[in-house]
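Participant: Residue numbers (this note's numbering): 30 to 391. We treat Cβ as the ideally placed atom computed from N, Cα and C, and that holds for glycine. Quick one: structure below, then a few questions.
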Amino acid sequence: MRSPVLGHVKQLLRGCDQIETADEALNEMRWMLLKLRPSDTRLAHAFAAETTQAHVRRRLRLLRHAWRLMDPRACGVAGKVHSILLQSTQRTLIARPSKASWITQRAANKPLQYILGTLPFAGLDLRTRRPTLIPRWETEEWAMTVVSNLSAAHNSHSNKPINVLDLCTGSGCIGLSLAHHIPTVRVLALDNSRSAVKLASLNARRNHLEHRVAVRELDLFRHSDPLHAAENIQTLFKDAFKLTSDDINSNEPFIHYIVSNPPYIPLQEYMHLEQSVINWEDRAALLGVDEDGAGFYRRIAQLAQVLLVPSPAGKETDRIFLEINGASQVHAVHAALVKNGFVSSNVWKDLAGNDRVVTGAI
30 MRSPVLGHVK
40 QLLRGCDQIE
50 TADEALNEMR
60 WMLLKLRPSD
70 TRLAHAFAAE
80 TTQAHVRRRL
90 RLLRHAWRLM
100 DPRACGVAGK
110 VHSILLQSTQ
120 RTLIARPSKA
130 SWITQRAANK
140 PLQYILGTLP
150 FAGLDLRTRR
160 PTLIPRWETE
170 EWAMTVVSNL
180 SAAHNSHSNK
190 PINVLDLCTG
200 SGCIGLSLAH
210 HIPTVRVLAL
220 DNSRSAVKLA
230 SLNARRNHLE
240 HRVAVRELDL
250 FRHSDPLHAA
260 ENIQTLFKDA
270 FKLTSDDINS
280 NEPFIHYIVS
290 NPPYIPLQEY
300 MHLEQSVINW
310 EDRAALLGVD
320 EDGAGFYRRI
330 AQLAQVLLVP
340 SPAGKETDRI
350 FLEINGASQV
360 HAVHAALVKN
370 GFVSSNVWKD
380 LAGNDRVVTG
390 AI
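Right, here's the structure in full:
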């Protein structure tokens with residue numbers, strides 16, 4: 030019997046603007062197979078054998094992009110993987126019409142993460158659901174760097190809480206990552222989208238972090254006065270974790286870090302994004318404020334000046350970590366931080382060599 034794999038590959042290549050080669054199509058089909066057959070040890074072993082050959086940071090990026098996970102021609106288990114793919118596709122994708130529709134959905138540019146409904150991220154198992162923004166590998170990479178920085182800056186034997194504010198949280202991926210890896214971290218995660226708040230709350234419960242990650246709905250631009258807005262956030266934080274005067278001094282800042290992946294794409298650039306992004310992911314979570322897309326950074330910098338605990342005397346400590354849209358936004362974000370009392374800022378590049386995060390010390 031002729032294998033249906035070739036037909037599926039052609040369907041994906043014709044329909045999906047993110048898939049350019051047969052290898053990329055096969056890789057996405059492998060993810061579908063793993064979702065359908067999680068107990069298939071042959072598939073699991075084939076994936077494990079391949080991914081362990083890569084450098085850990087390289088592997089982190091590859092795992093985020095299913096279509097780049099493996100090149101079947103480049104490793105010793107290629108024959109095994111391909112054989113399993115051929116056998117399993119006919120038995121599973123074709124035998125289950127409801128699951129076979131995944132191919133049709135993907136060919137129509139529906140993001141694979143929405144089709145599968147889950148995504149591994151920094152050791153977490155996250156639910157993904159339209160229209161909330163799908164976590165990207167770039168975000169996972171820098172979130173893990175923040176984990177390393179915070180772990181190094183704080184005594185691992187101390188039980189003193191580390192208070193983190195996650196603004197524009199979306200799926201909750203950044204704040205949940207910090208709480209997952211650092212037991213003393215507690216996070217207030219905010220978003221103006223009700224659907225995002227529901228999903229982030231679900232992800233907190235799903236990963237047993239709901240006691241240290243509180244998710245609330247809030248529009249950062251609701252109050253024109255930054256001081257009023259900051260006081261509102263402080264109240265939300267105190268209420269979420271039932272903080273009293275024994276826990277904090279209400280007259281002083283008590284938030285140690287701010288992390289954020291806010292909407293930052295300028296309108297002209299947004300209009301040229303892939304259809305799988307424009308047609309499926311929340312426009313409001315992508316499209317930045319102001320012509321340069323940097324409006325959220327300006328607002329966050331205003332809030333941070335009021336909210337953040339200053340660095341210790343004589344020791345500049347990064348207190349804010351902001352994902353950006355590449356080099357074009359570095360100047361605007363740096364200017365916003367300096368204008369609001371930050372004494373220094375730095376830029377982190379991602380694994381692809383692009384400017385990805387601006388950090389700031391206050």
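Return helix, strand or coil for K378, following the three-state DSSP convention.
Facilitator: In the structure shown, K378 sits in a strand (DSSP, three-state: E or B).
Participant: Tell me whether the beta-carbon of L265 lies closer than 7 Å to the beta-carbon of R245.
Facilitator: Contact: yes.
Participant: Assuming L265 is part of the alpha helix (DSSP H), what are its boundary residues?
Facilitator: From DSSP, the alpha helix (DSSP H) with L265 extends over 255 to 269.
Participant: Mind listing, in chain order, the continuous beta strand (DSSP E) runs of no fewer than 3 residues lying wholly within the region 265 to 352?
Facilitator: Qualifying beta strand (DSSP E) stretches, in chain order: 286 to 289, 347 to 352.
Participant: Following the continuous alpha helix (DSSP H) through G204, name the residue where it begins and the one where it ends.
Facilitator: Counting along the chain, the alpha helix (DSSP H) containing G204 begins and ends at 202 to 210.
Participant: Just to confirm, are L148 and L141 a CB contact at a threshold of 7 Å?
Facilitator: Going by C-beta atoms, L148 is not nearer than 7 Å to L141.
Participant: Compare the Cα-Cα distances from N192 to each of N232, I277, L231 and report the closest residue.
Facilitator: Of N232, I277, L231, the residue nearest in Cα terms is I277.
Participant: Is S224 close to chain E, meaning its C-beta is less than 7 Å from at least one C-beta of that chain?
Facilitator: Among the protein chains of the structure shown there is no chain E, as only one such chain exists.
Participant: Compute the Euclidean distance between the alpha carbons of H209 and A218, then round it to the nearest angstrom.
Facilitator: H209 and A218: Cα-Cα distance of roughly 14 Å.
Participant: Helix or strand or just coil, what does DSSP make of R97?
Facilitator: Note that R97 has pLDDT 36, beneath the 50 cutoff, so the model's placement of it is unreliable and the number below is only indicative. DSSP places R97 in helix when its eight states are reduced to three.
Participant: Using the Cα positions of T161 and N178, report the straight-line distance between them to the nearest angstrom.
Facilitator: Whole-angstrom Cα-Cα distance: 28 Å.
Participant: Examine the Cβ distances between the region 323 to 343 and the region 254 to 265 and report whether three or more of them are shorter than 8 Å.
Facilitator: With the cut-off at 8 Å, the region 323 to 343 and the region 254 to 265 touch.
Participant: Given that a residue counts as buried once 16 or more other Cβ atoms are within 10 Å of its Cβ, and exposed if not, what is T198?
Facilitator: By the 10 Å Cβ count, T198 comes out buried.
Participant: From the DSSP output, read off the bridge partner residues of S373.
Facilitator: BP columns for S373 point to A390.
Participant: From this set, I48, S373, D275, P291, which residue's C-alpha is nearest S340's C-alpha?
Facilitator: Minimum Cα distance to S340 is reached at S373.
Participant: Let's see if you can read the secondary structure: which residues bound the beta strand (DSSP E) around T213?
Facilitator: No beta strand (DSSP E) contains T213, which DSSP labels as neither H nor E.
Participant: Taking all protein chains shown into account, decide if D46 is buried (16 or more other Cβ within 10 angstroms of its Cβ) or exposed.
Facilitator: It counts as exposed.
Participant: I'd like the list of long-range same chain contacts for K139, defined as Cβ closer than 8 Å, with 5 residues on each side in sequence excluded.
Facilitator: Same-chain partners within the cutoff: S305, W309.
Participant: Report the three-state DSSP secondary structure of T133 (helix, strand or coil).
Facilitator: Helix, per DSSP.
Participant: Do E370 and I353 have their C-beta atoms closer together than 7 Å?
Facilitator: This sequence places Gly at residue 370; Glu is not what is there. No, they are not a contact pair.
Participant: Just to confirm, are V288 and I203 a CB contact at a threshold of 7 Å?
Facilitator: Taking 7 Å as the Cβ cut-off, V288 and I203 qualify as a contacting pair.
Participant: According to DSSP, simplified to helix, strand and coil, what is L62?
Facilitator: Three-state result, L62: helix.
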